[in-house]
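*Asks:* Dropping a structure here in structure tokens format, bear with me for questions.
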Amino acid sequence: MTAPTPLDPARAAQLAAEFGLKPEEYDRVLAILGRTPSLTELGVFSVMWSEHCSYKSSRVWLRELPTKAPWVIQGPGENAGVIAIGDGLAAVFKMESHNHPSWIEPYNGAATGVGGILRDVFTMGARPIANLNALRFGSPDAPRMKQIIDGVVRGIGGYGNCVGVPTVGGEVNFHPAYNGNPLVNAMTVGIAKADRIFTAAATGVGNPVVYVGSKTGRDGIHGATMSSAEFSADSEEKRPTVQIGDPFAEKLLIEACLELMATDAIVAIQDMGAAGLTSSGVEMAGKGGMGVELVLDNVPQREEGMTAYEMMLSESQERMLMVLKPGREAQAEAIFTKWELDFAVIGHLTDTGRIVIRHKGQIEADIPLAPLESEAPLYRRPTEDTPPQPELDAGSIPDPIGIEAALMRLVSCPDLCSRRWIWDQYDGLVNGQTVKRPGAADAAIVRIEDHDRALAMTTDCTPRYVVADPVAGGAQAVAEAWRNITATGALPLAITDNMNFGNPEKPRIMGQFAGAVRGMAAACTALDFPVISGNVSLYNETEGRPILPTPAIGGVGVLEDARQAIGLGMPAGADLVLVGTTAGWLGQSLWLREVGGREEGAPPPVDLAAERRNGDFVRAQILAGTVRACHDCADGGLLVTIAEMAMETGIGATLSPTPDAVPPHAFWFGEDQGRYVVAVADAAAFIATATAAGVPATRLGHSGGGDLVLAPGRSISVAALRAANEATLPALMEGRSA
Amino acid sequence: MKAAIITFPGTNRERDIRVALKRVTGRDPVMLFHRDALPAGLDLVVLPGGFSYGDYLRCGAMAAQSPIMRDVRDFAARGGHVLGVCNGFQILIEAGLLPGGLLRNATLRFLSMDCRMRVERAGTAFTSRWQKGATFRAPMAHGDGNYFADDATLDRLEGEGLVAFRYVDDRGEATAAANRNGSVRNIAGILSPNLRVCGLMPHPEDLVDDLMGGTDGLPMFESLAEAFATA
Chain A
1 MTAPTPLDPA RAAQLAAEFG LKPEEYDRVL AILGRTPSLT ELGVFSVMWS
51 EHCSYKSSRV WLRELPTKAP WVIQGPGENA GVIAIGDGLA AVFKMESHNH
101 PSWIEPYNGA ATGVGGILRD VFTMGARPIA NLNALRFGSP DAPRMKQIID
151 GVVRGIGGYG NCVGVPTVGG EVNFHPAYNG NPLVNAMTVG IAKADRIFTA
201 AATGVGNPVV YVGSKTGRDG IHGATMSSAE FSADSEEKRP TVQIGDPFAE
251 KLLIEACLEL MATDAIVAIQ DMGAAGLTSS GVEMAGKGGM GVELVLDNVP
301 QREEGMTAYE MMLSESQERM LMVLKPGREA QAEAIFTKWE LDFAVIGHLT
351 DTGRIVIRHK GQIEADIPLA PLESEAPLYR RPTEDTPPQP ELDAGSIPDP
401 IGIEAALMRL VSCPDLCSRR WIWDQYDGLV NGQTVKRPGA ADAAIVRIED
451 HDRALAMTTD CTPRYVVADP VAGGAQAVAE AWRNITATGA LPLAITDNMN
501 FGNPEKPRIM GQFAGAVRGM AAACTALDFP VISGNVSLYN ETEGRPILPT
551 PAIGGVGVLE DARQAIGLGM PAGADLVLVG TTAGWLGQSL WLREVGGREE
601 GAPPPVDLAA ERRNGDFVRA QILAGTVRAC HDCADGGLLV TIAEMAMETG
651 IGATLSPTPD AVPPHAFWFG EDQGRYVVAV ADAAAFIATA TAAGVPATRL
701 GHSGGGDLVL APGRSISVAA LRAANEATLP ALMEGRSA
Chain B
1001 MKAAIITFPG TNRERDIRVA LKRVTGRDPV MLFHRDALPA GLDLVVLPGG
1051 FSYGDYLRCG AMAAQSPIMR DVRDFAARGG HVLGVCNGFQ ILIEAGLLPG
1101 GLLRNATLRF LSMDCRMRVE RAGTAFTSRW QKGATFRAPM AHGDGNYFAD
1151 DATLDRLEGE GLVAFRYVDD RGEATAAANR NGSVRNIAGI LSPNLRVCGL
1201 MPHPEDLVDD LMGGTDGLPM FESLAEAFAT A
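Top to bottom, those sequences are chains A and B. Counting from 1, one number per residue, gives the positions in the first sequence under the numbering used here. Counting from 1001, one number per residue, gives the positions in the second sequence under the numbering used here.
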């Protein structure tokens, strides 16, 4: 046995810079070790202290987010968050980005994004029951963009369809700010027994450390570091840092892990995600206050001649690390052998507080664990506020094309057109529990097998609001998720956040981040909607151009009885009522962009008290059975909301005259927040109840027929709207009509 | 009815089938892993959908070589009833229990959407609750569902009334537009000559509950329950 072989000091300093460590960060490495690191040690420090793994620029801000509620079982810090949902059940969920890999290699980047987030969830002991995603693409005619859209959609489908977890919902935006940096955020929701949650904190000196799943290869080495840097034209050369997904192996891993979890053999478990064996080993031992010794000769290897450095930094997929109770190796091995997966004891826990890596009789790394975490860099980077944008006066913005033409243009624009081309490639029904498929309701509804209970799930963010006003935009993203869950009748419980921003070393970008967190925190608090897990993706820039700040929110709510869920499809013969107040806010609206040709103004403010009051009222009415359909007013405004309800069923409506106080185009297309359109049997009775509750509600019209009738002689065919709405993506992607 | 559901590594729609069978029989079917032996006294064996062995060689090819498939062949040879859905249909074809082949969808994309099927052969254990010519909706979810066979095989299937289901449009016509995966002669499902082995690509098991969007698929499972009501 020998001590690790230090690198030549000059070479080490040069490599540290190549691995992304700043000079002052490298100085800390030297101080912690008291000597020059070995190559493997330098690799461990550089990935553990990468932005991706250490959250060094974001942690000081993330602390401001509310993370507690009586129903929160596990907040941020584990592989995924956990909430109690009744019946002794828990929902386990998280959203995570795979932006950089998806730009370099769209299919595998997106596929492994799905695989990684699935592992985060079943690692906690949950069976995954639903996948969602939040996608941001560039302008469809930008270079490579169709190929990226096609690859990402195929990758998400290719992985999710094969593992047998339904992809039930998501959102897609298009904006030139994503031309060189699309966003792929994947979310998984799982179900576990509330008293059977597994975590990463390992205990028990001498307990075996076990490696299961697929073999380790040379793929993805330094992927976490790659994800912590801006892109440049040579990013093509980074393709080898993208991992290859094997959803078949993942399916076997899910079944094997859940089978083993049904026993009491596991002490702790952690998936090998970013930074692979390094982060899983460090986190398991570190969280438990233990030490760990790993013998890499025992790691199942796919390639010959791999070095300790390569094995510790490989991001080969579909692998897990677990600590077992003593003497339970044979029981566990039998399960993994049954599922035809590798199983190897590769080390044991120690009481040294150090991670020791052995390979071929040499000690390749020997690092104290506590300072690896406690001395990790933490930056309160300078911030610069986004200048306030002017509030636009709707009265001063002329309507150039009229209501009918504007509606037709809006329902066919890339941000509002039908997503059918995408979800037709995702299996949304496997497991047989999908109550509301994509497009049928504001949130996806999946029942819990053998229970009446169901979960409502959604992903939301409006990046054009966030860039104009990060605080208001951050609040709006949370409020919109809450609203979408509410509109199905479900009670919103908690969120996961996926913070996608540009280079945090630029004060304006860091200011966007801080502002968005502030807005989110206010909304989470006002709506009792805490953050239980999340992920941060920074450096989303190419050639110095940042993306729109995109704090994507994944929300989860519960319905005690899946039969109470309602959809958004227009029923026949119903009164339509608007809940909420319409001032005609055109700033940052899609109408202003698509019809007015301008991306300007302050975004609509979110009145959180009104949001809460209106939403709680709507939900109570749905659960009381008085609402036949409900759709929240979001992108595109009120008339787009009504059109979307109509397109779902083909049933139109005759609409009431617009109020005199608001110009018609601002009334129909303004994006005022906190509003819902409900279809009820009797508008007068509903409005009376609303008024008594202090909730603004106005009659919008009556459903029926095949047209949206704005006024006598002014109508829009729902069939024509639907044709336009369905035509856009197929035409874009395949040059064909729908 | 005593039914067994066989799962292979990568099978993922076994629970959907279990739900559908339980709905009509009130009891859980036997769940078998591919290393198990087929128990005696079964009325029905189901090969569910999924991606057995990751579809890595050719859909269903590896599962067809699994030891339990010898039991399934023997069971079928003795006149047992076998239902294969989606990947299960692919396995039945690879195992030689049904003729033809299932190619990559003509669109070259995974297709996950509702289709409409017309019942071409009523009066079997799988279809007795439908009239011939009845149409029903079913979800499909596959990348390789493009049925193909040579003309002689197709003529024999047609001549002997062994085409179980065809893709049709809302008016019940077997049009090209209704045939999303490009199957030859719009064939969605077929039967063995003794009418006891049935394979189809779409998933009737995912439409057996109004809460989940409808009960169009329920008659298949009611037919099976009725066929084995005494058992």
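C-beta atoms are modelled at their ideal positions from N, C-alpha and C, and glycine is treated no differently. As the structure is a prediction and not an experimental result, all values here were calculated from the model.
1) Compare the beta carbon distance of Ala1178/B and Val1168/B with 9 Å and say whether it is the shorter of the two.
2) For Leu1232/B, which option in Thr1124/B, Leu1042/B and Leu1098/B has the closest C-alpha, if you only look at C-alpha atoms?
3) Does the Cβ-Cβ distance between Asn185/A and Asn503/A come in under 9 Å?
4) Short of 7 Å Cβ to Cβ, which residues in the segment 1009-1023 of chain B face chain A?
5) Under 8 Å by Cβ, that's how I've got Ser1052/B and Ile1091/B pegged, so tell me the actual separation to the nearest angstrom.
6) With 7 Å as the C-beta to C-beta threshold (strictly closer), list the residues of the segment 547-571 of chain A near chain B in chain order.
7) Which stretch, first to last residue, makes up the alpha helix (DSSP H) that contains Arg1156/B?
8) Does Ser1112/B get closer than 9 Å to chain A when you measure Cβ to Cβ?
9) Does DSSP put Glu96/A in a helix, a strand or coil?
10) List, in chain order, every chain B residue whose beta-carbon is nearer than 8 Å to that of Tyr107/A.
11) Exposed or buried, which one is Ile401/A when buried takes at least 16 other CB atoms within 10 Å?
12) What is the DSSP secondary structure of Gln270/A, reduced to helix, strand or coil?
13) Run through chain B and tell me which residues come within less than 7 Å of Leu252/A, C-beta to C-beta.
14) Can you round the beta-carbon distance between Ala739/A and Leu559/A to whole angstroms, since I take them to be within the 8 Å contact cut?
15) In three-state DSSP terms, what is Ala479/A?
16) So, do the segment 141-153 of chain A and the segment 51-58 of chain A have three or more beta carbon pairs nearer to each other than 8 Å?
17) Could you give the distance in angstroms between the alpha-carbon of Val323/A and the alpha-carbon of Leu294/A?
18) Tell me whether Lys360/A is buried or exposed, calling it buried when 16 or more other Cβ atoms sit within 10 Å of its Cβ.
19) For Pro1139/B, go through chain A and note every residue whose CB falls closer than 7 Å to its CB, in chain order.
20) Please tell me whether Gly217/A has its Cβ less than 9 Å away from any Cβ of chain B.
21) Look at the Cβ atom of Ala308/A, then the Cβ atom of Leu321/A, and state whether they are nearer than 9 Å.
22) Within 10 angstroms of its Cβ, does Leu1218/B collect 16 or more other Cβ (buried), or is it exposed?
23) Per DSSP, Lys740/A forms a beta bridge with which residues?
24) Would you mind telling me which residues of chain D sit closer than 7 Å to Phe1051/B, beta carbon to beta carbon, in chain order?
25) Between which residues of its own chain and Asn1012/B is the CB-CB distance below 6 Å, once the five residues before and five after are set aside?
26) Any C-beta of chain A sitting closer than 9 Å to the C-beta of Gly1143/B?
27) For Gly1026/B and chain A, any beta-carbon pair shorter than 9 Å?
28) Quick one: Cα of Ala1095/B to Cα of Asp1074/B, how far?
29) Is the beta carbon of Asn1181/B less than 9 Å from the beta carbon of Tyr1147/B?
30) Span of the beta strand (DSSP E) holding Arg127/A?
31) Using DSSP with H/G/I as helix, E/B as strand and the rest coil, what is Val606/A?
32) So, does the CB of Gln425/A fall closer than 9 Å to a CB anywhere in chain B?
33) What are the residues in the segment 1162-1179 of chain B lying within 8 Å of chain A by C-beta distance?
34) For the beta strand (DSSP E) that Gly347/A lies in, which residues bound it at each end?
35) So the beta strand (DSSP E) Gly190/A belongs to, where does it begin and stop?
36) Under 6 Å Cβ to Cβ from Thr112/A, same chain only, skipping five residues before and after it: list those, please.
*Replies:* This is what the structure gives:
1) yes
2) Here chain B covers residues 1001 to 1231 and nothing more, so residue 1232/B does not appear.
3) no
4) Pro1009, Gly1010, Asn1012, Arg1013, Arg1015, Asp1016 and Val1019
5) 7 Å
6) Ala562 and Arg563
7) Asp1151 to Gly1159
8) yes
9) strand
10) What Tyr107/A touches in chain B: nothing, since even the nearest Cβ is about 13 Å away.
11) exposed
12) strand
13) Pro1009
14) Nothing can be reported for residue 739/A, as the shown portion of chain A is limited to 1 through 738.
15) helix
16) no
17) 12 Å
18) exposed
19) Leu429
20) no
21) no
22) buried
23) Lying before the first or after the last residue shown, residue 740/A is absent from chain A, which here runs from 1 to 738.
24) Among the chains of the structure shown, chain D does not appear; the protein chains present are A and B.
25) Gly1050
26) yes
27) no
28) 12 Å
29) yes
30) Arg127 to Phe137
31) coil
32) yes
33) none
34) Asp342 to Thr350
35) Leu183 to Lys193
36) Gln243, Gly245 and Gln317
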